[in-house]
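Here is the structure we will look at.
2 protein chains.
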Amino acid sequence: MGTALAEMTMPQISPLGGEPIERADAERLAGVLKALADPARLRLLSLIQSAPEGEACVCDLTAPLGLSQPTVSHHLRILTEAGLLEREKRGVWAYYRLVPTAIATIADLLTPPRKRAGKKAR
Amino acid sequence: MGTALAEMTMPQISPLGGEPIERADAERLAGVLKALADPARLRLLSLIQSAPEGEACVCDLTAPLGLSQPTVSHHLRILTEAGLLEREKRGVWAYYRLVPTAIATIADLLTPPRKRAGKKAR
DNA sequence: CAGCAGCATTGACTCGCCTGCATATCGGCG
DNA sequence: CGCCGATATGCAGGCGAGTCAATGCTGCTG
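Residue numbers (this note's numbering), protein chains in the order written: chain U, 1 to 122; chain S, 1001 to 1122.
Structure below.
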């Protein structure tokens, strides 16, 4: 039940900030990034995000991607387990939508030097 | 040529912003993210960034990672070709350092809904 | 000049991932 | 109640990726 993203935002790790990153933290962050690092999945996120209600079902996504339905379901599963998508089944259809701040969280994890509290000063 | 990052920041693609992402853009962005989506490479970036002068040579990185020297060189090559690291050879040593705004650029590519009209009021 | 230290490259092995086909499951409809 | 449509899951093939041992290359150094 992972939503791997949630598991790593809790302890508030600082990936590329100050101290060298820990092995376990690196693996968690890499896991989430690995979910993003795929053309099909990036397009899925983009398609869902730009859909009418911000949501889309599998049948709407297979055609634009040019991939088979099982393959699309597979990618959606990867994204969901990574904590980037949430699934809601209404009737026969399964609607997917972006987890609100998920991607922004990843972006923040990559850019820690944005703050300037207590600078080292030369 | 390389520095895949530069090739995609030039045309100013909009990854997860408005219109559905194009296939070519998705593949470019996925390529850069794939370079990041590895525990060893994340740790390399972290180690280099937190090194004394913000730079480090291969011999300083093999031990903390617990990987062989060829493997470390391999990862450094991946990161360099992705545009995340820059290499400078001084004498026998090869010093690597982060490309200043590279990672921040990736983060920006992931967060389009953020206002970018004026200053960043953060 | 010969030897050595630091890195990069090659080859080989293994493992994981993307994809499609076939099949199972679930919900609605006639 | 049985059929059909929408998804999910299992299985298998193929390709790319991570790792290491061995080797080549370059620039100090004695």
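C-beta: ideal position from N, C-alpha, C; glycine also.
Next on the checklist: Can you pull out the residues from the stretch 62-77 of chain U whose beta carbon lies closer than 8 Å to at least one beta carbon of chain S?
Outcome noted: PRO64
Checklist entry - Along chain S, in chain order, which residues have C-beta atoms closer than 9 Å to that of LEU110 of chain U? => result As a position in the first sequence, residue 110 of chain U is number 110, starting the count at 1. Simply LEU1036, ILE1103, ALA1104, ILE1106, ALA1107, LEU1110.
Checklist entry - Going straight from the alpha carbon of PRO1064 of chain S to that of VAL1099 of chain S, what length do you get? => result Taking the first residue of the second sequence as position 1, residue 1064 of chain S is located at position 64. Taking the first residue of the second sequence as position 1, residue 1099 of chain S is located at position 99. PRO1064 of chain S and VAL1099 of chain S: Cα-Cα distance of roughly 22 Å.
Checklist entry - If the cut is a Cβ gap below 9 Å, which residues of chain S does ALA26 of chain U touch? => result In the first sequence, residue 26 of chain U corresponds to position 26, counting from 1. ASP1038, PRO1039, ALA1040, ARG1041, LEU1042, ARG1043, SER1046, listed in chain order.
Checklist entry - Do you know how far the Cα of LEU84 of chain U is from the Cα of GLU19 of chain U? => result On the first sequence, residue 19 of chain U is found 19 positions in, with the first residue counted as 1. On the first sequence, residue 84 of chain U is found 84 positions in, with the first residue counted as 1. Rounded to the nearest whole angstrom, the CA to CA distance from GLU19 of chain U to LEU84 of chain U is 27 Å.
Item to check | Supposed close pair LEU1079 of chain S, LEU1029 of chain S - CB separation, criterion 8 Å | outcome: By 1-based counting over the second sequence, the position of residue 1079 of chain S is 79. By 1-based counting over the second sequence, the position of residue 1029 of chain S is 29. Actually they do not touch by this definition, with Cβ atoms about 16 Å apart.
Next on the checklist: Spatial neighbours of SER73 of chain U within its chain, please: C-beta separation below 8 Å, excluding the five flanking residues on both sides.
Outcome noted: Position 73 of the first sequence, counted from the first residue, corresponds to residue 73 of chain U. If we look at SER73 of chain U and ignore the five residues flanking it on each side, its Cβ neighbours are VAL58.
Next on the checklist: Just to make sure I have the definition right: I need the residues of chain U whose C-beta is within less than 8 Å of the C-beta of ARG1023 of chain S. Which are they?
Outcome noted: As a working note, residue 1023 of chain S is residue 23 in the second sequence. The contact set of ARG1023 of chain S on chain U, defined by CB atoms closer than 8 Å, consists of PRO39, ARG43 in chain order.
Checklist entry - Cα separation between ARG1097 of chain S and GLU1088 of chain S? => result Counting from 1 along the second sequence, the entry for residue 1097 of chain S is found at position 97. Counting from 1 along the second sequence, the entry for residue 1088 of chain S is found at position 88. Going by the C-alpha atoms only, they are around 8 Å apart.
Next on the checklist: Out of S:ALA1004, S:ARG1023, S:THR1003, S:PRO1112, which one is the CA nearest neighbour of LEU67 of chain U?
Outcome noted: Translated into positions along the first sequence, residue 67 of chain U becomes position 67. Of the listed residues, the one whose Cα sits closest to LEU67 of chain U is S:ARG1023.
Item to check | Selected residue, minimal CA-CA separation from ARG1077 of chain S, among S:GLY1091, S:ARG1041, S:ALA1037, S:THR1062 | outcome: On the second sequence, residue 1077 of chain S is found 77 positions in, with the first residue counted as 1. Comparing Cα-Cα distances from ARG1077 of chain S to each of S:GLY1091, S:ARG1041, S:ALA1037, S:THR1062, the minimum goes to S:ARG1041.
Item to check | Beta carbon of LEU1047 of chain S nearer than 7 Å to that of LEU33 of chain U | outcome: In the second sequence, residue 1047 of chain S corresponds to position 47, counting from 1. In the first sequence, residue 33 of chain U corresponds to position 33, counting from 1. No, Cβ-Cβ distance for LEU1047 of chain S and LEU33 of chain U is not below 7 Å.
Next on the checklist: Assuming GLU1163 of chain S is part of the alpha helix (DSSP H), what are its boundary residues?
Outcome noted: For chain S, the structure presents residues 1001 to 1122; residue 1163 of chain S sits outside this window and is missing.
Item to check | Amino acids of chain U, ordered along the chain, whose beta-carbon sits closer than 8 Å to that of LEU1079 of chain S | outcome: Indexing the second sequence from 1 puts residue 1079 of chain S at position 79. Here the premise fails: no neighbours, minimum Cβ distance about 12 Å.
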